[in-house]
Structure formats: C-alpha cells, structure tokens
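Heads up: the protein sequence lines correspond to chains Z and E, in order. Position 209, counted from 1, in the first sequence is what our numbering calls 1705; the numbers after and before it change by one each time, with no gaps. Position 12, counted from 1, in the second sequence is what our numbering calls 111; the numbers after and before it change by one each time, with no gaps. Where a beta carbon is used, it is the ideal one built from N, C-alpha and C, also for glycine.
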Amino acid sequence: MISPSDRIVLPRDVRLTSDGLHDPVRGATFPLNASARLVVGAGTVAGAAGALRARFGVDALADTHAFVAQLNARLLLEVVPLRPRARLAWRWLRGLPVMLPTGALPVFPSRRRFVATSAYSSIVVTGVRAVGPVATAYGALAAVATTLTLHALAWVTPCAAAAVAGGVVAHELGHLLQLRGVPACVAVRGLRVSVLHARGARTRRVAAGGPLAGTALAAVAFAAFFVAPSPELAAIAALESLQLVGFTVLTSDGRRLCARS
Amino acid sequence: MRTLVTTFALGAAVVGVLVFVGALAVVTLADASGRSDVSVALGPLVLLAFERGPRGTGTTFGPALVLLPLLGGALNAVGAALLARD
C-alpha cells in the first residue's frame, strides 16, 4: 500500500532530535543511525532511496520501503499519497486479488491523529476531529449494509448510519476523556481505530471509558424511546446497545477489564 | 474467585441487556412493519412471541430471556479464565 511517490512526514507531535525520534505519547526516544536520518529527512520514499544511493552508492529502494513501512506501523512516520483517500482506496482494491488467496487483506498505512489532552474541552474538539473521518466511513458502510439488506425498511438507513457514526465517536471520546493530562493520540489504520497512550496510564479506566460512553448513548436513546416511542429510536438504541459487548472478553477493551478485575 | 464472579456478572449483565434490547427492537420492528405475529425461540425455549389481535398487540417474553444471560456470563467467565492462564 506504500508507493515510492508517497510523501513521508513526521506526525505532528513526533520530533526529530539529536538522539533520534522522540515520541511524547510513549515518552520514549528511538535512536536513528545516519542512513535512517536520511530516510526520515527525505520528502518521499523515492527521494529517501535516492539520498541513500547518493550517499552510500547502494540501490536501497526495497529496504527504504520496508523501513518506512516499519516506522509507519509504529506510528512514528506518516505516509501521505497524493489525493490520499482515492489513491489508497484504489491501491487497496488493486491489492485485494493478490492478497486474498493468501488469506490476508491489504493493510492501509497507519495515521497518527493528534489529540490535545490538556483539558476536557480540547479533548472533545481534537478527539472529534481525529475520529470524525473514520466514524463517517463507518456510518457510510452501515448505510450501504442496511440499504442492501433492509431495503423494505428504508427509514432504518439514516438511523443506522447516525447510530454507528455517533457510536464510534462516543466510544473513542470515552477512552480519551479518561486521559486528561496524559499524552495520547488516536491511531487509525484503515477502519481500525485505537487510542495510544503511555503504558500503564489508567489502563482499566481507559478501557472501560469507551464502552461506558457508548452505553450512555444507548441509555439516552432508550430514554427518548420511552418518552416518544418510535421505530427510529428503537433501532438507534438497539445498535448503540451493542457497545455493551465492549465489557466482555470478545473485545480488547473487555479483555483488559476482565483479565485484571 | 473475585475475577470469576466479576466476569460472570459482567457477561450476564451484558447479554441480559442485549437480549432484552434485541427483543424490544424486534417487537417494535414487527409492529411498525405490520406483521401479524413474530416468534423467536431457541428450540423449545421461547424468547419472545409477538401477536397482533383484533383488540391490539401482545408480547410474551419467554424463559430463554433468563437462560441466555446465564450462558453469556458463564462463557465470559470461561474466556477470562483462559486468558488469565496464557
């Protein structure tokens, strides 16, 4: 999914220091040797390979590609294609017939989205900005799925889209709101969303925060349903209630809660 | 022991609420779509039965509504125990 023409940039909160790459969320600095510094400082994957060739006289495009992919997987380097969404969607579709026979799916590059955790208000603003695009994608998928499967009940489609998108935002905000004053960011890889924060920082509280926020949304939908019963509110409440699964061992949040309770 | 009880209670509560919510959603959808009767059962155990009569609609919640949370709690506790062993 990474192409030589892709731009490589440091995430907003990661700094290149004299010691290496400093990640304030993990509170760690990852040392870089001379060739790694050349890669991190280059504008594109191909540019990094060119810089290595000019400096060391080696053809290192494959190694550069692998190194960039590793740094990206560890959320230390962003890979940004030109017109990212359309490009990545096309690469994903093109990679599908190659990867499917091996039992795997093409892997999107990771995106690290900045979240300001100094105050609750800034967590909400930057958190919604960080999770918004992927929540919208989930809402669109829910709309497509319900249109295809429940076309007789057309009113379900907007409810499902709103419930799923709102649920994703509420869930991730629930995690983030437990991290006030703790450096954190949102990691997005395709449709996978997770919150990265310092190891050991309020682990159980953070794990419970997501499902709790989603469940609170379900409770609000239920209260509204009992005040003014309607099939739309019933559908939203039912979908939001699925966030309760987050308290069981079926999810990573639940495994953190149950394994340590 | 505490972990076992907590995970059982969490699993049972989650499945209990989900089953109840699901049952309510099915009944509401059945009512909205004008179905005359809907029945959901696990073999002989009835989960819910919805009927539309001449004088209105009626819903019966069956014994499976109690059994499923117990099953969910047990499965969650077993899962947590397996995780703890790893």
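- Here the segment 1520-1529 of chain Z makes no contact with the segment 1542-1551 of chain Z; the two share fewer than three CB pairs at distances below 8 Å.
- Taking C-beta atoms as the reference points, E1736(Z) and A1714(Z) count as a pair closer than 8 Å.
- Between P168(E) and G115(E), the C-beta spacing is below 8 Å.
- In the DSSP secondary-structure assignment, L1512(Z) is bridged to L1517(Z).
- For the 8 Å CB-CB criterion, A1626(Z) and V1611(Z) form a contact.
- For A131(E), the C-beta contacts it makes with chain Z under 9 Å involve L1649, W1651, S1726, P1727 and A1730, in order along the chain.
- Its chain contains I1619, L1672, L1675, R1676, G1677, V1678, P1679 and A1680 as the residues whose beta carbon lies nearer than 8 Å to that of T1613(Z), once the 5 sequence neighbours on both sides are disregarded; these appear in chain order.
- Taking all protein chains in view, the Cβ of T1513(Z) is surrounded by fewer than 16 other Cβ atoms within 10 Å, so the residue is classified as exposed.
- In this structure, the beta-carbon distance from V1576(Z) to L1692(Z) does not fall below 8 Å.
- If you look at V126(E), you'll find it isn't in any beta strand (DSSP E); it sits in the alpha helix (DSSP H) that goes R101 to A131.
- Less than 8 Å divides the Cβ of V1689(Z) from the Cβ of E1668(Z).
- Within the same chain, and ignoring the five residues on either side of R1508(Z) in sequence, the residues whose Cβ sits closer than 7 Å to its Cβ are F1610.
- Looking only at A148(E), T105(E) and L141(E), the smallest Cα-Cα distance to V126(E) is reached by A148(E).
- Here the alpha carbons of A1720(Z) and A1709(Z) stand approximately 17 Å from one another.
- Residues of the segment 154-176 of chain E whose Cβ lies closer than 9 Å to any Cβ of chain Z, in chain order: G171, L174, N175 and A176.
- Identification of chain Z residues near V113(E) by a Cβ-Cβ cut-off of 7 Å yields L1740, V1741, F1743 and T1744, ordered along the chain.
- Judged by beta-carbon spacing, A1538(Z) lies within the 8 Å limit of I1504(Z), meaning their Cβ atoms are closer than that value.
- Per DSSP, A148(E) is one residue of the beta strand (DSSP E) stretching across L144 to G152.
- In this structure the segment 1650-1662 of chain Z does not touch the segment 1597-1609 of chain Z; the number of beta carbon pairs closer than 8 Å is below three.
- Taking CB atoms only, C1754(Z) has a neighbour in chain E less than 8 Å away.
- When rounded, the separation of the alpha-carbon atoms in G1623(Z) and T1645(Z) is 32 Å.
- Closest by C-alpha distance to E150(E), out of S132(E), G172(E) and L144(E), is S132(E).
- One alpha carbon belongs to V1682(Z), the other to G1516(Z), and they sit about 22 Å apart.
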